[in-house]
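2 protein chains.
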Amino acid sequence: MELTTELTIAETAERTGLTAHTLRYYERDGLMLDVPRSTSGHRRYREGDLGWIELITRLRTTGMPIRDVRRYAQLVRAGEGNEAERLEILCRHRDAVRARLEAEARHLAAIERKIAVYLGEADTCH
Amino acid sequence: MELTTELTIAETAERTGLTAHTLRYYERDGLMLDVPRSTSGHRRYREGDLGWIELITRLRTTGMPIRDVRRYAQLVRAGEGNEAERLEILCRHRDAVRARLEAEARHLAAIERKIAVYLGEADTCH
DNA sequence: GTGGGGGTTGGAGTGTGCTCGAAGTCAAGC
DNA sequence: GCTTGACTTCGAGCACACTCCAACCCCCAC
Numbered sequence: 001m002e003l004t005t006e007l008t009i010a011e012t013a014e015r016t017g018l019t020a021h022t023l024r025y026y027e028r029d030g031l032m033l034d035v036p037r038s039t040s041g042h043r044r045y046r047e048g049d050l051g052w053i054e055l056i057t058r059l060r061t062t063g064m065p066i067r068d069v070r071r072y073a074q075l076v077r078a079g080e081g082n083e084a085e086r087l088e089i090l091c092r093h094r095d096a097v098r099a100r101l102e103a104e105a106r107h108l109a110a111i112e113r114k115i116a117v118y119l120g121e122a123d124t125c126h
Numbered sequence: 127m128e129l130t131t132e133l134t135i136a137e138t139a140e141r142t143g144l145t146a147h148t149l150r151y152y153e154r155d156g157l158m159l160d161v162p163r164s165t166s167g168h169r170r171y172r173e174g175d176l177g178w179i180e181l182i183t184r185l186r187t188t189g190m191p192i193r194d195v196r197r198y199a200q201l202v203r204a205g206e207g208n209e210a211e212r213l214e215i216l217c218r219h220r221d222a223v224r225a226r227l228e229a230e231a232r233h234l235a236a237i238e239r240k241i242a243v244y245l246g247e248a249d250t251c252h
């Protein structure tokens, strides 16, 4: 039985879907909280690190720029007392994502109508 | 009364939300159908060009890479007979966009739950 | 103690999609 | 006929987010 599971960078890459290159890049760029190291200097990711990676991956996947993720990470690293600014970053992002998803849904509907026009002429797609 | 309204590149940029730079870039890169020119060589965009720009802007905004838009434009320029391939491009894109929007919606929901956690502690957002 | 497979760093390279600058052309107004 | 301003082309430059390389280190099995 293990006290805390510690994963190597390769295992973490495997589990998160990021590459080891990207994990190092994120850390260098200030997107990570402090990643623990083994005595030999190798990264050892724990449960909480995986959770953090999942969060920033969600932010990145929904289009938050690296620089905003970095700012958010800075605030989390700074500790309690700046929750209002963290919240502001998240809420602003949420609003931007909602707006973009709605716009994209409209564009998608238009593309689907275009497809319907082609299908009205010759039935080949589906 | 005008037979066909012709717009300059500046007017077209204004109406489409693209820049004149981008309009030229798209044309150079093979994304446009044939854009008519004035005797002096200036671009004169017509109704149909605006419609085309609207379509490719929808494709681009929903994440279709330039190279796929170019391929689609090639097919349209080639004329009738290749509707099946055009349809395939559009359908494949539609499927990709649907999948991405669903994934992003899930990420958004997770971010909203994160926001709710902050709000449970201190009410500052909204 | 040697070879191999993992890890480390710093820095350079890549792909995508614009974005801009330089130098030139053209038409209209004064 | 000269200035002004909007256009033209070609090519370079830029921002973003990785992606990769070289050189080195460390540990374990043989």
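For the record, the sequence lines run as chains A and B. This note's numbering puts the first residue of the first sequence at 1, with every later residue one more than the last. This note's numbering puts the first residue of the second sequence at 127, with every later residue one more than the last. Cβ atoms here follow ideal geometry from the backbone N, Cα and C, with glycine treated the same way. All of these numbers come straight from a predicted model, not from anything done at the bench.
Could you check if A:Ala-96 is buried or exposed, using at least 16 other CB atoms within 10 Å of its CB as the buried criterion? Per the 10 Å Cβ criterion, exposed.
B:Ala-233 CB to nearest chain A CB: under 7 Å? The amino acid occupying residue 233 of chain B in the given sequence is His; Ala does not appear at that position. Chain A, which has a Cβ nearer than 7 Å to the Cβ of B:His-233, makes this yes.
Sub-7 Å separation of A:Ile-66 and A:Arg-43 beta-carbons: no
B:Arg-239 classed as buried or exposed, judged by whether at least 16 other C-beta atoms fall within 10 angstroms: exposed
For a cutoff of 7 Å on Cβ pairs, would you count B:Ala-236 as touching chain A? yes
Chain A contact for B:Ile-179 (CB, 7 Å cutoff): no
Closer than 8 Å, Cβ to any Cβ of chain B: which residues of the region 77-109 of chain A, in chain order? Glu-83, Ala-84, Arg-86, Leu-87, Glu-88, Leu-90, Cys-91, His-93, Arg-94, Val-97, Arg-98, Leu-101, Ala-103, Glu-104, Ala-105, His-107, Leu-108
Is the CB of B:Thr-142 under 7 Å away from at least one CB in chain A? no
Cα-Cα separation between A:Ala-13 and B:Ile-241, rounded to whole angstroms: About 27 Å.
Going by DSSP in three states, A:Leu-31 sits in which element: helix, strand or coil? Here A:Leu-31 sits in coil by DSSP.
Decide if A:Leu-87 is buried, meaning its Cβ has at least 16 other Cβ atoms within 10 Å, or exposed. buried
Verify whether the separation of the beta carbon atoms of B:Leu-245 and B:Val-195 is less than 7 Å. Result no, Cβ atoms of B:Leu-245 and B:Val-195 do not sit closer than 7 Å.
Decide if A:Ala-73 is buried, meaning its Cβ has at least 16 other Cβ atoms within 10 Å, or exposed. buried
Could you tell me the boundaries of the alpha helix (DSSP H) in which A:Thr-61 lies? From DSSP, the alpha helix (DSSP H) with A:Thr-61 extends over 47-61.
First and last residue of the alpha helix (DSSP H) that includes A:Glu-128? Since the first residue of chain A shown is 1 and the last is 126, residue 128 of chain A is not available in this structure.
Length of the line joining the Cα atoms of B:Thr-148 and B:Arg-163: 17 Å
According to DSSP, B:Arg-218 sits in a beta bridge with which residue or residues? B:Arg-218 is not bridged to any residue.
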